[in-house]
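**Q** So the sequence shown is numbered by the numbering used here: it starts at 239 and just counts up by one. A virtual CB, placed ideally from N, CA and C, is assigned to each residue, including glycine. Nothing here was measured: the structure is a model prediction, and the numbers come from that model.
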Amino acid sequence: MAPKPHFPLSISGYSVLPIELPPVPSFPNPATHYLYLHPHEPRVPDPDSSRSLFIVNVPVTTTETHLRHLFGGQLSSGRVERVEFHDTAAKRPLTIPSQTTTTAVTNPKKRKRETTEELQVELDTAKLPRTWDRELHTSGAHAIVVFVDRPSMEASLKAAKKAAKNRTKIVWGQGIIEEERRFPALGIERYKSHNKLRYPARAELLRTVNDYMTIFGRFEEARLREATRGAEVPDEDGFVTVTRGPKINNVAREEEMKLLMEKHKEKSKGLEDFYRFQLREKRKGRQNELLRKFEEDKKKVEEMRRRRGKVRTGDGIRIRSRGRGRIHGPSLPSPPSSSIYSTSTITPNLPQQRRQSLRPGSAKETTVINFVDSHILAINRRHAKKFSSAFANESEEADRGYENFREVVKDIEAIIDVLWVSGTPSLQIPYLISLAGLLNTYLPDFPLRTYHNNPRAFRNTLNPDLLRHRYHTILAFETWQGVSGLQIFS
Numbered sequence: 239m240a241p242k243p244h245f246p247l248s249i250s251g252y253s254v255l256p257i258e259l260p261p262v263p264s265f266p267n268p269a270t271h272y273l274y275l276h277p278h279e280p281r282v283p284d285p286d287s288s289r290s291l292f293i294v295n296v297p298v299t300t301t302e303t304h305l306r307h308l309f310g311g312q313l314s315s316g317r318v319e320r321v322e323f324h325d326t327a328a329k330r331p332l333t334i335p336s337q338t339t340t341t342a343v344t345n346p347k348k349r350k351r352e353t354t355e356e357l358q359v360e361l362d363t364a365k366l367p368r369t370w371d372r373e374l375h376t377s378g379a380h381a382i383v384v385f386v387d388r389p390s391m392e393a394s395l396k397a398a399k400k401a402a403k404n405r406t407k408i409v410w411g412q413g414i415i416e417e418e419r420r421f422p423a424l425g426i427e428r429y430k431s432h433n434k435l436r437y438p439a440r441a442e443l444l445r446t447v448n449d450y451m452t453i454f455g456r457f458e459e460a461r462l463r464e465a466t467r468g469a470e471v472p473d474e475d476g477f478v479t480v481t482r483g484p485k486i487n488n489v490a491r492e493e494e495m496k497l498l499m500e501k502h503k504e505k506s507k508g509l510e511d512f513y514r515f516q517l518r519e520k521r522k523g524r525q526n527e528l529l530r531k532f533e534e535d536k537k538k539v540e541e542m543r544r545r546r547g548k549v550r551t552g553d554g555i556r557i558r559s560r561g562r563g564r565i566h567g568p569s570l571p572s573p574p575s576s577s578i579y580s581t582s583t584i585t586p587n588l589p590q591q592r593r594q595s596l597r598p599g600s601a602k603e604t605t606v607i608n609f610v611d612s613h614i615l616a617i618n619r620r621h622a623k624k625f626s627s628a629f630a631n632e633s634e635e636a637d638r639g640y641e642n643f644r645e646v647v648k649d650i651e652a653i654i655d656v657l658w659v660s661g662t663p664s665l666q667i668p669y670l671i672s673l674a675g676l677l678n679t680y681l682p683d684f685p686l687r688t689y690h691n692n693p694r695a696f697r698n699t700l701n702p703d704l705l706r707h708r709y710h711t712i713l714a715f716e717t718w719q720g721v722s723g724l725q726i727f728s
């Protein structure tokens, strides 16, 4: 009589099969592991479910070789056709091949017409090159063992029950390594192999991507073909289903649609304000907007006058107190207008400007942008090397640094001339603002010129008539400093 096992032979309809895990360097003692077996009964039966065995709690290092050896060698019960683990069983296609595929196989001359379902399965199964040579499972994972026939499955389940009842010792994987190395090793060798597989060959990677894109192209063609065929077939009520089609690229068709939209806008132009009260409210709102803008402009003008503090006229400058409204002090004569700065004698010295702006994205606009950017970069470089020509050996002017502010202005004027000739406000406005910022930044870096370098400027500054005029102006303001709220006006 066989000894009574110390574990239950079945739990909730599952047969219990104990196996012994051999010792490993990380755990030198053997351990007992339990497998739970049951005939495979899925909710949606498939042709292989009647000859399949459902196994729960497989070891984390289980491979197909382990299960084949368990049932074919250690239990000697049946032949295994294939093994599906928990992560691959969900991806296995459960669809039966379509009728078109069957007819295409029987008649080789007839071209095979693929369906979107078949191609979708191919897309789902297509993968990049593997980076692990051996898959590990989670704790408590399950597997489906498919046998060659139903008697083999029943015999394997019966042999597992008998081995558990007789307490037969089954060492997991015993006899596999001695026969043949059928699966990759674990431990540090596994991670060495993973490090190599992380960098596949370029040819292999390119082949995988090309295969996937080929399948995807066939999938798109099949979907478009099915959509076109379905659009031509009316449904039960006699309606034709409208599906998404390719985008119309006909230029003439697009122009025709634009003309129709413009005509529709012209026809509906008079129907925007159908009722009379809508017209009155719209007119009133427009008037209120004009009044509001007018008041804002008045405030801006008053603010500008208050900030300036004076208005220059032909007779002179007059100063009035805000509180009493009377004029204090004599009127200071203003200098006569110079004929040099008279508007009647100014002659424009600008190059000829284009009549039309540059077309956005054109080659000419790109040329102007490249010219301006390169010259601004050259200006920044020369400014960075300012006052260094005495120590450098650059013979060309474009390579040496600036010595005075006049050279900076000369280079910036060349850029302004090009921007003026372009006649394109979209380029002129941002670049002119940028150039103004450069001038404002560079100006403090250059010292004022001395009397020997610019005697005319100092001679005008030390002119006795100008000094006397400024002296009287300062005396006048010192006399009126007690008056509060000065406002200078014309």
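Roughly how many angstroms separate the alpha carbons of I671 and R593, rounded to a whole number?
**A** On the sequence shown, residue 671 is found 433 positions in, with the first residue counted as 1. On the sequence shown, residue 593 is found 355 positions in, with the first residue counted as 1. In a straight line, the C-alpha of I671 is about 23 Å away from that of R593.
**Q** Inspect the beta-carbon positions of A401 and L313 and report whether they are closer than 8 Å.
**A** Reading the sequence shown from its first residue, position 163 is the one you call residue 401. Reading the sequence shown from its first residue, position 75 is the one you call residue 313. Against a cut-off of 8 Å, the Cβ pair of L313 and A401 comes out as a contact.
**Q** How long is the line joining the alpha carbons of A397 and G310, rounded to whole angstroms?
**A** Numbered from 1 along the sequence shown, position 159 holds the residue referred to as residue 397. Numbered from 1 along the sequence shown, position 72 holds the residue referred to as residue 310. Answer to the nearest angstrom: the Cα atoms are 11 Å apart.
**Q** For F421, which of helix, strand or coil comes out of DSSP?
**A** In the sequence shown, residue 421 corresponds to position 183, counting from 1. Here F421 sits in coil by DSSP.
**Q** Helix, strand or coil: how does DSSP classify T466 here?
**A** Stepping through the sequence shown from its first residue, residue 466 is reached at position 228. Of the three classes helix, strand and coil, the one that applies to T466 here is helix, per DSSP.
**Q** Report the option in R518, I249, I667, S290 whose CA atom is closest to the CA atom of V384.
**A** Walking along the sequence shown from the start, residue 384 turns up at place 146. Nearest option by C-alpha distance: S290.
**Q** Quick one: using the 10 Å Cβ neighbour count with 16 as the cut-off for buried, is S253 buried or exposed?
**A** By one-based count along the sequence shown, residue 253 stands at place 15. When all chains shown are included, S253 counts as buried.
**Q** In whole angstroms, what is the alpha-carbon distance linking K434 and T446?
**A** By one-based count along the sequence shown, residue 434 stands at place 196. By one-based count along the sequence shown, residue 446 stands at place 208. Straight-line Cα distance between these residues: approximately 18 Å.
**Q** I'd like to know if the stretch 280-290 and the stretch 375-384 are in contact, where contact means that at least 3 CB-CB pairs between them fall below 8 Å.
**A** Short answer: they touch.
**Q** Using the Cα positions of F684 and N608, report the straight-line distance between them to the nearest angstrom.
**A** Here residue 684 is taken as the residue at index 446 of the sequence shown, counted from 1. Here residue 608 is taken as the residue at index 370 of the sequence shown, counted from 1. Each residue's Cα considered, the two are about 28 Å apart.
**Q** Looking at W410 and H304, is the spacing between their C-beta atoms short of 8 Å?
**A** For the purposes of this step, residue 304 is taken as residue 66 along the sequence shown, with counting starting at 1. For the purposes of this step, residue 410 is taken as residue 172 along the sequence shown, with counting starting at 1. Against a cut-off of 8 Å, the Cβ pair of W410 and H304 comes out as a contact.
**Q** Tell me the DSSP secondary structure of T299 in three-state form.
**A** The residue you call residue 299 lines up with position 61 of the sequence shown. T299 falls in the coil class under three-state DSSP.
**Q** Closest by CA to E373, which one among E322, Q525, R514, L357?
**A** What you label residue 373 is simply residue 135 of the sequence shown in a count that begins at 1. Nearest of E322, Q525, R514, L357 to E373, Cα basis: E322.
**Q** Beta-carbon within less than 8 Å of Y272's beta-carbon, same chain only, minus the 5 sequence neighbours each way: which residues are those?
**A** Within the sequence shown, numbered from 1, the residue matching residue 272 stands at position 34. So the list reads F245, V254, L255, P256, I257, N295, once near-sequence residues are dropped.
**Q** Taking a contact to mean a Cβ-Cβ separation below 8 Å, would you say T354 touches R524 in this structure?
**A** Translated into the one-based positions of the sequence shown, residue 354 becomes position 116. Translated into the one-based positions of the sequence shown, residue 524 becomes position 286. Not a contact, by the Cβ cut-off of 8 Å.
**Q** Can you check whether the CB of L361 is closer than 8 Å to the CB of I454?
**A** Residue 454 sits at position 216 when you count from the first residue of the sequence shown. Residue 361 sits at position 123 when you count from the first residue of the sequence shown. It is Phe, not Ile, that sits at residue 454 in the sequence shown. Result yes, Cβ atoms of F454 and L361 sit closer than 8 Å.
**Q** Would G316 be called buried (16 or more neighbouring beta carbons within 10 Å of its own) or exposed?
**A** The residue you call residue 316 lines up with position 78 of the sequence shown. It is buried - the Cβ of G316 has at least 16 other Cβ atoms within 10 Å.
**Q** Can you give the Cα-Cα distance for I653 and L673, rounded to whole angstroms?
**A** Taking the first residue of the sequence shown as position 1, residue 653 is located at position 415. Taking the first residue of the sequence shown as position 1, residue 673 is located at position 435. Approximately 9 Å, taken between the alpha carbons.
**Q** Quick check: what's the CA-CA separation for V647 versus L681?
**A** The residue you call residue 647 lines up with position 409 of the sequence shown. The residue you call residue 681 lines up with position 443 of the sequence shown. Taking the straight line joining both Cα atoms gives about 10 Å.
**Q** So what's Y252 in DSSP terms, helix, strand or just coil?
**A** Position 14 of the sequence shown, counted from the first residue, corresponds to residue 252. Residue state, collapsed to three classes: strand.
**Q** Could you tell me which of T604, G639, D449, S600 sits nearest to R619, measuring between CA atoms?
**A** Position 381 of the sequence shown, counted from the first residue, corresponds to residue 619. When only C-alpha atoms are compared, the closest one is G639.
**Q** Give the DSSP-derived three-state secondary structure of P389 in the structure shown.
**A** Indexing the sequence shown from 1 puts residue 389 at position 151. P389 falls in the helix class under three-state DSSP.
**Q** With distance defined between alpha-carbon atoms, name the residue in H278, P422, K522, E459 nearest to Q358.
**A** Indexing the sequence shown from 1 puts residue 358 at position 120. Of H278, P422, K522, E459, the residue nearest in Cα terms is E459.
**Q** Closest to A439 by CA distance: which of V610, S600, R368, G378 is it?
**A** Residue 439 sits at position 201 when you count from the first residue of the sequence shown. Nearest of V610, S600, R368, G378 to A439, Cα basis: R368.
**Q** Assign L247 to one of three DSSP states: helix, strand, or coil.
**A** What you label residue 247 is simply residue 9 of the sequence shown in a count that begins at 1. Coil at L247, not helix or strand.
**Q** Could you compute how far the alpha carbon of G661 sits from the alpha carbon of R467?
**A** For this step, residue 661 is matched to residue 423 along the sequence shown. For this step, residue 467 is matched to residue 229 along the sequence shown. Approximately 56 Å, taken between the alpha carbons.
**Q** May I ask whether a heavy atom of the ligand FAD can be found less than 7 Å away from the beta carbon of S253?
**A** What this structure holds is no ligand at all, so the ligand FAD is not there to describe.
**Q** Hey, D655 and H613 are a contact pair by Cβ (cut 8 Å); roughly how many whole angstroms apart?
**A** Looking up residue 655 in the sequence shown gives position 417. Looking up residue 613 in the sequence shown gives position 375. Not really, about 11 Å apart at Cβ, beyond 8 Å.
**Q** Compute the beta-carbon to beta-carbon distance between V539 and P589, rounded to the nearest angstrom, for a pair I have assumed lies under 8 Å.
**A** Walking along the sequence shown from the start, residue 539 turns up at place 301. Walking along the sequence shown from the start, residue 589 turns up at place 351. So it is not a contact: roughly 36 Å between Cβ atoms.
**Q** Would you report the Cα separation of V606 and G675, rounded to the nearest angstrom?
**A** Here residue 606 is taken as the residue at index 368 of the sequence shown, counted from 1. Here residue 675 is taken as the residue at index 437 of the sequence shown, counted from 1. Approximately 20 Å between the Cα atoms of the pair.
**Q** Check each candidate in K399, N448, D449 and name the one with the smallest Cα separation from S248.
**A** Translated into the one-based positions of the sequence shown, residue 248 becomes position 10. Looking at the Cα atoms, K399 is the closest of the given residues.
**Q** Which same chain residues end up closer than 6 Å to N678 when comparing Cβ atoms and leaving out the 5 residues on each side of it in sequence?
**A** In the sequence shown, counting from the first residue as 1, residue 678 sits at position 440. Excluding sequence neighbours, N678 sits near nothing in its chain.
**Q** With distances taken from CA atoms, which of R463, S394, I408 is nearest P260?
**A** For the purposes of this step, residue 260 is identified with residue 22 of the sequence shown, where counting begins at 1. When each option's Cα is compared against that of P260, the closest is I408.
**Q** Suppose the cutoff is 8 Å on Cβ atoms and the five residues either side in sequence are ignored; what does the same chain contact list for I712 look like?
**A** For this step, residue 712 is matched to residue 474 along the sequence shown. Model confidence at I712 stands at a pLDDT of 48, short of 50, so the residue's coordinates are unreliable; what they give is reported in the following sentence. Same-chain partners within the cutoff: there are none.
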